[in-house]
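Trainee: Using the working numbering, read the sequence shown as starting at 4 and increasing by one per residue. Below are the structure tokens for one structure; questions will follow.
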Amino acid sequence: PLLDPAMLGGWSAALLTAALGASPLHGTPHYSFAAWSTPILTSVCSATTHPMSIPLTPKSGGSTGTAHMTCGTVDGVRRYTLPAGVFELGIQVLIPQNVSITGANNPNTLLRPEVSPEWAHQTLFLATRGQTQYAAPFCAAVDMVHTRVGFVLSSYNEVRNISFQGVDTIRPDDNGALCGGGAFETKGCAANDCSKSTVNNGGSDGIGSHHITIDGVRINDFYTNEDRKNIGAVISGNYNCSTSHWADECCFCKPNGVRSSQVAVWVPATRNVEGTYNIHIRDVVSLSTQADGINLHGYTHNVVVEQVHLRNSGDDLLALWGANLEPTNVTFKDSTLFNPGILRPNWYGNCVATYGLRSVIFANITCRAPTLASPIKGHTTCADTSMFSFYTSFGGVYPEGNRIEIAGWTFTDLDGRPYTPQQGSMGRPAPGKMAWTRTDLNKGNSIAPYYITGSGSQPVNVYSGPDRSVPS
Numbered sequence: 004p005l006l007d008p009a010m011l012g013g014w015s016a017a018l019l020t021a022a023l024g025a026s027p028l029h030g031t032p033h034y035s036f037a038a039w040s041t042p043i044l045t046s047v048c049s050a051t052t053h054p055m056s057i058p059l060t061p062k063s064g065g066s067t068g069t070a071h072m073t074c075g076t077v078d079g080v081r082r083y084t085l086p087a088g089v090f091e092l093g094i095q096v097l098i099p100q101n102v103s104i105t106g107a108n109n110p111n112t113l114l115r116p117e118v119s120p121e122w123a124h125q126t127l128f129l130a131t132r133g134q135t136q137y138a139a140p141f142c143a144a145v146d147m148v149h150t151r152v153g154f155v156l157s158s159y160n161e162v163r164n165i166s167f168q169g170v171d172t173i174r175p176d177d178n179g180a181l182c183g184g185g186a187f188e189t190k191g192c193a194a195n196d197c198s199k200s201t202v203n204n205g206g207s208d209g210i211g212s213h214h215i216t217i218d219g220v221r222i223n224d225f226y227t228n229e230d231r232k233n234i235g236a237v238i239s240g241n242y243n244c245s246t247s248h249w250a251d252e253c254c255f256c257k258p259n260g261v262r263s264s265q266v267a268v269w270v271p272a273t274r275n276v277e278g279t280y281n282i283h284i285r286d287v288v289s290l291s292t293q294a295d296g297i298n299l300h301g302y303t304h305n306v307v308v309e310q311v312h313l314r315n316s317g318d319d320l321l322a323l324w325g326a327n328l329e330p331t332n333v334t335f336k337d338s339t340l341f342n343p344g345i346l347r348p349n350w351y352g353n354c355v356a357t358y359g360l361r362s363v364i365f366a367n368i369t370c371r372a373p374t375l376a377s378p379i380k381g382h383t384t385c386a387d388t389s390m391f392s393f394y395t396s397f398g399g400v401y402p403e404g405n406r407i408e409i410a411g412w413t414f415t416d417l418d419g420r421p422y423t424p425q426q427g428s429m430g431r432p433a434p435g436k437m438a439w440t441r442t443d444l445n446k447g448n449s450i451a452p453y454y455i456t457g458s459g460s461q462p463v464n465v466y467s468g469p470d471r472s473v474p475s
């Protein structure tokens, strides 16, 4: 019964059926969690490269026995291919090592990433429950399997050509400093500081994953048309944020009505010193998240994030949060970011933020962000203040020899009008103005849309200029 999403709280089977009946997926095969996950979790697969056929019995839509998933083993990896349909997910499921999951079709269009696919032709994983209560335990919960909903990826995992739709409508209070809740996570600690809890995500061992590929994945788009009116909408009584005692006030304590996951991709801190490494995230489109878009936390190294399109977050869209663990050889490139922070409007979030690192490259990043007319009192320089924000808060450490490369960028408002240094504020954010900074003479001597906060005794070394090479 624990594998039956109808037993996991949140949506009842009747409500889920009603929602799907009113959607573009009416009549599309709809599979229970047990139907699709049991073969993967119990390693039902051909031992050869010739794939075996695994029958799938739908709960509704389609005919019994007409659909199959397949699996063959290639170079030691069990490669599962799933058909088009709706696949229920009501827990945080840990995918075994050496597993590849591929859906029916790539849901993304490279040149028009914001355009939704024909859902009836897609492999859609649909959350059957989500976070709706501000005071609900999240980071402090004792069981992440039944608290979060999504995938935890082990080493040598690949995920391709699938979509995921979360149904969280709030960011819980104890996820304010962010501990996860990603549609996709790698293995690690449930808390953002591993010393604060012995709980790991997805029932994992907390040992960092390596050799991960996420490619051709679409996140939180299935309900976009229905929920679009709620993105950034004013909610009466939701902005009492005058002190730091937010549990006693109502600082975004009410659901915003935008069904999403907390994060699109979350890489947590890990129990082992080797951290998380050899990660490739490509062609990921996320239309909304209650917190960050993509956040790499802890010790990450040899990571490439490219050709991603992230929109409508409740926090930063791209974040590298090494804290004091010095991530290195991380590259973000050829990506577009749109409207950071809007799910907690006027509060916090920029297109790109770092919180401690040793080395990172940002190449050919496009940021489209608004200039805020009415930021929340006390947070007038925390949201939509520049394109890149390099923080020393949240434990951020930049060791001697740290290096941030900015190699090509585009920075505009939401309508595509370019921001310029002449319109902005040099060196620090100011209300209604975007911050710009000139790099040192030996670091490019170039003005770029970034600022550094609280560097003090640990200089943050930013390199930018027209001659910066873009990594291939």
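All C-beta atoms in this analysis are idealised placements derived from N, C-alpha and C, irrespective of residue type, glycine included.
Could you give the distance in angstroms between the alpha-carbon of Asn160 and the alpha-carbon of Ser40?
Mentor: Those two C-alpha atoms are separated by around 15 Å.
Trainee: Quick one, are the C-beta atoms of Ala1 and Ile364 less than 8 Å apart?
Mentor: The displayed coordinates of the chain run from 4 to 475. Any statement about residue 1 would go beyond what the structure contains.
Trainee: Using three-state DSSP, classify Lys257 as helix, strand or coil.
Mentor: Coil, per DSSP.
Trainee: Between which two residues does the beta strand (DSSP E) harbouring Leu321 extend?
Mentor: That run of the beta strand (DSSP E) goes Leu321 to Trp324.
Trainee: Could you compute how far the alpha carbon of Gly191 sits from the alpha carbon of Gly211?
Mentor: Looking at the two C-alpha atoms, the distance is approximately 6 Å.
Trainee: Do Arg262 and Gly133 have their C-beta atoms within less than 8 Å of each other?
Mentor: Yes, the Cβ-Cβ distance between Arg262 and Gly133 is below 8 Å.
Trainee: Let's test the definition: count the other Cβ atoms within 10 Å of the Cβ of Ile455 and tell me whether it reaches 16, buried, or not, exposed.
Mentor: Per the 10 Å Cβ criterion, buried.
Trainee: Is it the case that the Cβ atoms of Val311 and Val287 are separated by a distance below 8 Å?
Mentor: In this structure, Val287 lies closer than 8 Å to Val311 by Cβ.
Trainee: Beta carbon of Gly169, beta carbon of Ala144: below 8 Å?
Mentor: Not in contact: Gly169 and Ala144 (Cβ atoms no closer than 8 Å).
Trainee: Under a three-way DSSP split, which group does Ser377 fall into?
Mentor: Ser377 falls in the coil class under three-state DSSP.
Trainee: Do you know whose CA, among Asn448, Arg163, Ser247 and Ala180, lies nearest Gly219's CA?
Mentor: If we check each option's Cα against that of Gly219, Arg163 comes out closest.
Trainee: In terms of DSSP beta bridges, what is His312 paired with?
Mentor: According to DSSP, His312 bridges with Val288 and Thr339.
Trainee: Are the Cβ atoms of Tyr280 and Asn298 separated by less than 8 Å?
Mentor: It is not a contact, given that the beta carbons lie outside the stated cut-off.
Trainee: Less than 8 Å separating the beta-carbons of Gly205 and Met147?
Mentor: Yes, Cβ-Cβ distance for Gly205 and Met147 is below 8 Å.
Trainee: Counting beta carbon pairs with one atom in the segment 110–119 and one in the segment 84–98, are three or more of them shorter than 8 Å?
Mentor: Segments in contact, no.
Trainee: Check whether the Cβ atoms of Pro116 and Ala70 sit closer than 8 Å, and answer yes or no.
Mentor: Not a contact, by the Cβ cut-off of 8 Å.
Trainee: State yes or no: is the C-beta of Phe128 within less than 8 Å of the C-beta of Asn178?
Mentor: No, Cβ-Cβ distance for Phe128 and Asn178 is not below 8 Å.
Trainee: According to DSSP, is Arg174 part of a helix, a strand, or is it coil?
Mentor: Reduced to three states, the DSSP call for Arg174 is coil.
Trainee: For Thr246 and Gly240, what's the separation of their Cα atoms in angstroms?
Mentor: Those two C-alpha atoms are separated by around 15 Å.
Trainee: Excluding the five sequence neighbours on either side, which residues of its own chain have a C-beta within less than 6 Å of the C-beta of Lys446, listed in chain order?
Mentor: Excluding positions up to five away in sequence, the list reads Tyr466.
Trainee: Would you list the one or two residues that DSSP bridges to Gln426?
Mentor: Answer by DSSP bridge pairing: none, since Gln426 is not bridged.
Trainee: Mapping DSSP to helix, strand and coil, what is Gly344?
Mentor: Correct three-state label for Gly344: coil.
Trainee: Just the C-alpha distance for Arg406 and Ser200, rounded to the nearest angstrom, thanks.
Mentor: Rounded to whole angstroms, Arg406 to Ser200 spans 32 Å at the Cα level.
Trainee: Can you grab the Cα-Cα spacing for the pair Cys197 / Ile215, in whole Å?
Mentor: Each residue's alpha carbon lies about 22 Å from the other.
Trainee: Roughly how many angstroms separate the alpha carbons of Pro42 and Ser166, rounded to a whole number?
Mentor: For Pro42 and Ser166, the distance between alpha carbons rounds to 20 Å.
Trainee: Look at Gly352 and Gly317 and say whether their C-beta atoms are less than 8 Å apart.
Mentor: For Gly352 and Gly317, yes; Cβs fall inside 8 Å.
Trainee: In the structure shown, what three-state DSSP assignment does Phe36 receive?
Mentor: Helix at Phe36.
Trainee: Run through DSSP, which three-state label would Leu129 get?
Mentor: Of the three classes helix, strand and coil, the one that applies to Leu129 here is strand, per DSSP.
Trainee: Alpha carbon to alpha carbon, how far is Glu121 from Asp224?
Mentor: Cα-Cα distance, rounded: 12 Å.
Trainee: Between the Cα of Thr442 and those of Pro373, Pro348, Pro469 and Gln425, spot the shortest distance and give me the residue it belongs to.
Mentor: Nearest of Pro373, Pro348, Pro469 and Gln425 to Thr442, Cα basis: Pro469.
Trainee: Looking at the structure shown, is Ala250 part of a helix, part of a strand, or coil, going by DSSP?
Mentor: The answer is helix: DSSP assigns Ala250 an H, G or I state.
Trainee: Count the other CB atoms within 10 Å of the CB of Thr423; is the residue buried (16 or more) or exposed (fewer)?
Mentor: By the neighbour-count rule (16 or more Cβ atoms within 10 Å), Thr423 is not buried but exposed.
Trainee: Per DSSP, which residues does Glu491 bridge with? Please list them.
Mentor: For residue 491 there is no data in the structure shown, the boundaries of the chain being 4 and 475.
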